[in-house]
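*Asks:* This structure is in structure tokens; I'll ask about it shortly.
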Amino acid sequence: MAHLLVTGGAGFIGSNFVHHVLDHTDHRVTVLDALTYAGNRASLDGLPEDRFTFVHGDITDAELVDRLVADADAVVHYAAESHNDNSLDNPRPFLDTNIIGTYTLLEAARKHETRFHHISTDEVYGDLELDDPERFSESTPYNPSSPYSSTKAGSDLLVRAWVRSFGVQATISNCSNNYGPFQHVEKFIPRQITNVIRGIRPKLYGAGENVRDWIHADDHSSAVLTILDRGQIGETYLIGADGEKNNKDVVEQILTIMGQPADAYDHVTDRAGHDLRYAIDSTRLRTELGWQPQYQDFEAGLAATVDWYREHEAWWAPAKDATEAFYASKGQ
1 MAHLLVTGGA GFIGSNFVHH VLDHTDHRVT VLDALTYAGN RASLDGLPED
51 RFTFVHGDIT DAELVDRLVA DADAVVHYAA ESHNDNSLDN PRPFLDTNII
101 GTYTLLEAAR KHETRFHHIS TDEVYGDLEL DDPERFSEST PYNPSSPYSS
151 TKAGSDLLVR AWVRSFGVQA TISNCSNNYG PFQHVEKFIP RQITNVIRGI
201 RPKLYGAGEN VRDWIHADDH SSAVLTILDR GQIGETYLIG ADGEKNNKDV
251 VEQILTIMGQ PADAYDHVTD RAGHDLRYAI DSTRLRTELG WQPQYQDFEA
301 GLAATVDWYR EHEAWWAPAK DATEAFYASK GQ
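Using full-length UniProt numbering, the letters of the sequence shown correspond one by one to residues 1 to 332.
This is the structure:
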């Protein structure tokens, strides 16, 4: 049994990881989360008290971070400001959390010689042309296009530097777009699902041709555990499930699953600097570490996600009105 410190464990991907770890291992988990608007303590309700501890705090708090890292066998660092639209509106929190927060954690891991795994995104690589046969790999150059992705790229580079210069025992993973339970309603898939539940027509940026490589959050969690157990120190692994879909197709699938006409959505103003296409080549993770995704049928995973949001309106409803008001102010 190991003791994992999970930063950002009340957020979407982090909370799914916490549930996965407690369901599939004997590990203990401590979550450190600042509970910003994107963190939800309710996402961690019902977890076993003898194996789970929640700490409300900020990853830029060096004294708190030092104390928690000293007591952990490994740090799994999910905490991040992560929404492109918000980074375009106010970049500063992204610098504070993604850069200074990561630095603070790395210094504690360095001091206590604690295993460290850093969660990152495929958005650090920029985007691909819609007809490009290539996909992102571990050797793809960084080319971030927003304050969000540039600060995540910066945090990746900090981890690499702390491995090389100070011998921190760290690995990095860059994952494609996640979907599943506990995702904030500002994000693309839950926004459309909850719109339909509320009787609001879904919203599609521009022509909807932008492509994302979707992976279920539970598959992301199993990949991170695999890297934590068997990954080579200092290395980066890309996590993806071969789930390329354009936004138009995703909206139409959601509408069909929910019993609505496939064309019952509205086109809205496109996002500034909207990346065209992300696509992950996860060959290294699969061949070297033996990982495989379990949710290989995107439509089935999407239907299960629709069911979750239908059954958990009390979880997402408090954030819905403010989210839609924000988008309406931007014509989206």
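Even glycine gets a Cβ: it sits at the ideal position worked out from N, Cα and C.
1. Mark His184 as exposed unless 16 or more other C-beta atoms lie within 10 angstroms of its C-beta, in which case mark it buried.
2. Could you tell me the alpha carbon to alpha carbon distance between residue 338 and Ala319, rounded to whole angstroms?
3. Please go through the same chain and pick out, in chain order, the residues whose beta-carbon is closer than 7 Å to the beta-carbon of His112, but skip the five residues on each side of it.
4. I need the DSSP call for Glu63, collapsed to helix, strand or coil.
5. Who are the Cβ neighbours of Asp73 in its own chain at under 6 Å, not counting the five residues just before and after it?
6. Where does the unbroken beta strand (DSSP E) through Ala34 begin, and where does it stop?
7. Taking only runs that begin and end inside the segment 104 to 133, name each unbroken beta strand (DSSP E) of 3 or more residues, in chain order.
8. Beta carbon of Asn178, beta carbon of His220: below 8 Å?
9. Among all the DSSP beta bridges, which residues are the ones paired with Phe54?
10. Could you check whether Glu123 and Ser149 sit closer than 8 Å to each other, using their CB atoms as the reference points?
11. So is Tyr278 buried or exposed if we call it buried at 16+ other beta carbons inside 10 Å?
12. Taking Ser329 as the reference, give the member of Val268, Gln296 and Ala314 with the closest Cα.
13. When you compare only the Cα positions, how much space is there between Lys248 and Thr171?
14. Can you tell me whether Thr287 is buried or exposed, with buried defined as 16 or more other CB within 10 angstroms of its CB?
15. With distances taken between CB atoms, is the gap from Asp270 to Gly231 smaller than 8 Å?
16. Taking its Cβ as the centre, do 16 or more other Cβ atoms sit within 10 Å of Arg110, making it buried, or is it exposed?
17. Starting from Ser155, trace the beta strand (DSSP E) both ways and give me its first and last residue.
18. How do the segment 35 to 47 and the segment 141 to 160 stand: do at least 3 beta-carbon pairs fall below 8 Å, yes or no?
19. For Ser176, which beta-bridge partners are listed by DSSP?
20. Three or more C-beta pairs closer than 8 Å, one from the segment 18 to 26 and one from the segment 55 to 66: is that the case here?
21. Is it true that the segment 155 to 169 meets the segment 301 to 317, where meeting means three or more beta-carbon pairs spaced less than 8 Å apart?
22. Helix, strand or coil: which one does DSSP assign to Val69?
23. So, for Ile189: in the same chain, excluding its five sequence neighbours on each side, which residues have a beta-carbon less than 6 Å away from its beta-carbon?
24. CB Gln192 to CB Pro181, shorter than 8 Å?
25. If you measure between the beta carbons of Thr97 and Glu81, is that distance less than 8 Å?
26. Could you tell me whether the Cβ atoms of Ser145 and Gly234 are closer together than 8 Å?
27. Using DSSP bridges, identify the partner residues of Thr7.
28. Does the Cβ-Cβ distance between Leu276 and Asn210 come in under 8 Å?
29. On the premise that Val75 lies in contact with Thr102, defined as a C-beta separation below 8 Å, what is that separation, rounded to the nearest angstrom?
30. Whose C-beta lies closer than 8 Å to the C-beta of Leu302 among residues of the same chain, with five residues either side of it excluded?
31. Quick one: grab the DSSP three-state call for His19.
32. Taking its Cβ as the centre, do 16 or more other Cβ atoms sit within 10 Å of Arg212, making it buried, or is it exposed?
*Replies:* Taking the structure as given:
1. buried
2. Nothing about residue 338 can be read from this structure; the chain reaches only from 1 to 332.
3. Val69 and Ala70
4. helix
5. Ala2 and His3
6. Note, Ala34: premise wrong, no beta strand (DSSP E); not H, not E.
7. For secondary structure counted as the beta strand (DSSP E) over 3 or more consecutive residues, the segment 104 to 133 holds these complete runs in sequence order: 115 to 121.
8. yes
9. Val31
10. yes
11. buried
12. For the residues Val268, Gln296 and Ala314, the minimum Cα distance to Ser329 belongs to Val268.
13. Using only the alpha carbons, I get a separation of about 35 Å.
14. Exposed: under 16 other Cβ atoms inside 10 Å.
15. no
16. buried
17. No beta strand (DSSP E) holds Ser155; the alpha helix (DSSP H) holding it covers Pro147 to Phe166.
18. no
19. Answer is none; Ser176 lacks a bridge partner.
20. no
21. no
22. helix
23. Correct list, in chain order: Tyr179.
24. no
25. yes
26. no
27. Leu32 and His77
28. yes
29. With 8 Å as the limit, Thr102 and Val75 do not qualify as a contact, their Cβ atoms being about 11 Å apart.
30. Tyr179, Ile189, Val250, Gln253, Ile254 and Ile257
31. Three-state DSSP puts His19 in a helix.
32. buried
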